[in-house]
Every structure is written in C-alpha cells, then in structure tokens.
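For reference, the structure discussed in these notes is given below.
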Amino acid sequence: MAPRPHLVLANDDAGSTSRRDVALAVSRLAEHAPTELRWTSTPEEFEELVRDARDQQLVVAGGDGSLHLALQTLDALDRTDEAIGVIPLGTGNDFARNHGIPLDPQEAADVVVGGRARAVDAIELRDDGTHRELVANNLHLGMGVDSARAAQRFKPVLKRFAYPAATAWTGATGGSAPLRVTVEDEVVWDGPLLACLFLLGPSMGGGVELVDTTEGAIDVVVIEPVETHDRVALVRTAMRDGLSTAEEAHRWTGRRASVQATGVLDTDIDGELCEHAHTLHLELVPRAWHVLVPQGG
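So the sequence shown is numbered by the working numbering: it starts at 823 and just counts up by one.
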C-alpha cells in the first residue's frame, strides 16, 4: 500500500528560523510520500484545510498554541480518532517534550513517518455559560500568566529562554490573587495564592519540569503567597528542582476540578493568554485525541 501523502500546516507568522525548520521537515517527509505545505494565518483557514484533508496525514508544524488549535479543530470536526504528526517549532514545545517527540525538525519528521499513534488525555474546560474548549497540556493562573505575558516581550531576543527569564522577573514583582479551588468537589484552597496550575504534563515554559505528573489524572498545584524577597529563591528552586519539595507548593490529583474568582480569570492555556468568566470547571477526558509518537514511547 502506498504511504499516505502528508499535509503540513504551519503558522504564517513563523520567523526565519522556524521557516528553515519547516523546510527541513518537509524535505524529510517528502522522501517518503508526497508532501504539501500550507501556511495558515487564521483559525478559520486552519480549520478549512483540516476539513479538506480527509486522505492526507495531517502534520502540525508549530508550538503549543498550534497544537491547542489543532485539538479544538479536530474536536469540532469529530475527527479526534485521527493521529496527527507534530513538528515542534515553538519557544516552549512543552507538549512535544511531555510526549517524547524530538525537537529537531528532521527527527520529528522521522516520527511522523515511522512512529506510532498514542491516545492522549485532554482537559475539558467549561465556564458557567456556553464556552467549552479542550486543554492539550496545561492551564495556569496567577504568576504563570504574568510570566507568559512577560515572555511575549522577551521572545524575540531570548527565544526558548524567554519563559524562564520572565518567570524569574515576575517572581520578584508579581502579586497574589485570591482564588477558590476545588478538586473532586472538595475545596482545597480558598484565598490568596501566587500561582495555580492544572497539569497534564510536567513540562511548562520550555522544559521547566515542575512535578512528576500522575497518569490518568489532573495534577493541581497551588503555590501559596510568599514575601517578595523569598520569591526569587522559590522560582530558582522550581526551575532547578521542580516543586515537589517546595514547602510553599501544595498538590492534589483528581479527574475533576474548578477554580473561581471574584472577577475575570486571566489564564494561560497551552501557551495562549485568555480571559474567562469568574468560574471554570475542568474535567479529564481520557484518550481524547491521538498523536504520533516515537516507537516505544
């Protein structure tokens, strides 16, 4: 049987380095099957191309935000049973790191050709209205959002080091927000906190591994407020050793959780900054979609 042709979708806003990486990946894929490259600039354009790609192997060339978009699109089209290939191009690439997908574009292309399909969990996110979306990797509130926002400014110069640098900066300057957090309907936190994390994978911010996550569950981490002069030390410890031993970090696991604020919730979802209504409900979706990963991975 002839191999399926590849359709590679890449973000038109990609810089010159990413475009070179896309070219390397496309060249490697083309050695094995006909390969089409399409640059997209809007979610609507991305969805249209995915909708038309019934007979092609879909390959997403991009970062965590691109994979978040791919998950929403496949879910909307009821095609989450189709395994997609991933060519990591972002500054963080946390989803790829968490699933053993190589960061080198040609090695990632080899996984598309010779890898295996893995069923991957997701988090279903709902508010008290009609909004619904799926989280592919992690959701952050508090200092994590401040770090992501600052990292946008640092990216052009610091590249993949932008998030760690931003985390150190916001650790010294950020504030504490009051939130009410529940896990399995039990209130586990109600008050000010420095950060709140809902994790499917350990890596965030470009390879900073905060905790050893639990298979088949959402890991919920709350970092309690600390004095400003102690924050830099906490951030340094988290980036070097993770949060497992930090006294300021509290952790729970479950399949359902929620977070509530008195006002708007600023969130970082798979690297995308968003605003949501004051309450969010999270529920684990086992085997929500499928991704090509290395054999044995």
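No residue lacks a Cβ here, since even glycine has one placed at the ideal position from N, Cα and C.
As the structure is a prediction and not an experimental result, all values here were calculated from the model.
When DSSP states are grouped into helix, strand and coil, Arg901 belongs to the coil group. In terms of Cβ geometry, Leu846 and Ala883 do not form a close pair [threshold 8 Å]. Following the DSSP letters along the chain, one finds Val1115 inside the beta strand (DSSP E) bounded by residues Thr1101 to Val1115.
Arg919: member of the alpha helix (DSSP H) spanning Asp916 to Asn920, first to last residue. By the neighbour-count definition (other C-beta atoms within 10 Å, threshold 16), Glu866 is an exposed residue. Contact between the region 867-886 and the region 937-947 is absent: fewer than three C-beta pairs spanning the two stretches fall below 8 Å.
For Arg873, the enclosing alpha helix (DSSP H) covers residues Pro865 to Asp874. For Gly1013, same chain residues with a beta-carbon under 7 Å away, outside a window of 5 residues either side, are Pro1000 in chain order.
Under DSSP, Glu1006 forms no beta bridge with any residue. In the DSSP annotation of this structure, the continuous segment of the beta strand (DSSP E) that includes Gly964 starts and ends at Asn960 to Gly964. Check the Cα spacing between His890 and each of Glu1105, Ile1091 and Val1113: the tightest is with Ile1091.
One thing to note: Gln878 has its Cβ no nearer than 8 Å to the Cβ of Leu831. A distance below 6 Å between beta-carbons, with the five flanking residues on each side excluded, links Ser1080 to the following residues of its chain, in chain order: Thr1004 and His1103. DSSP, reduced to helix, strand and coil, places Gly1013 within a strand of the structure shown.
Inter-segment contact for the region 1080-1089 and the region 914-926 is absent: fewer than three beta-carbon pairs are separated by less than 8 Å. Note on Pro1024: 16 or more other CB atoms within 10 angstroms of its CB, so buried under the neighbour-count rule. Counting only residues of its own chain and dropping the five nearest sequence neighbours on each side, Asn959 has a CB closer than 7 Å to the CB of Asp886, Asp916, Phe917, Asn920, Leu1022, Gly1023 and Asp1092.
Shown here, Gln1082 sits in a strand according to DSSP, grouped into three states. Assignment of Asp1088 by DSSP, reduced to helix, strand and coil, places it in the strand class.
Between the alpha carbons of Ile1045 and Ala1071 lies a gap of roughly 4 Å. If you ignore the 5 residues before and after His854, its C-beta comes within less than 7 Å of the C-beta of Pro825 and Val935, all in its own chain and listed in chain order.
At the C-beta level, Val1043 and Arg1073 come within 8 Å of one another. Excluding its 5 nearest sequence neighbours in each direction, Val1113 has C-beta neighbours in its own chain below 7 Å: Ala905, Ile906, Val908, His921, Arg940 and Val942, listed in chain order. Per the coordinates, the alpha-carbon of Glu1069 lies some 50 Å from the alpha-carbon of Ala875. Arg954 sits exposed, since fewer than 16 C-beta atoms from the chains shown fall within 10 Å of its C-beta.
Per DSSP, Val1044 lies in no alpha helix (DSSP H); the unbroken beta strand (DSSP E) holding it starts and ends at Ile1040 to Ile1045. For Gln928, the enclosing alpha helix (DSSP H) begins and ends at Pro927 to Gly936.
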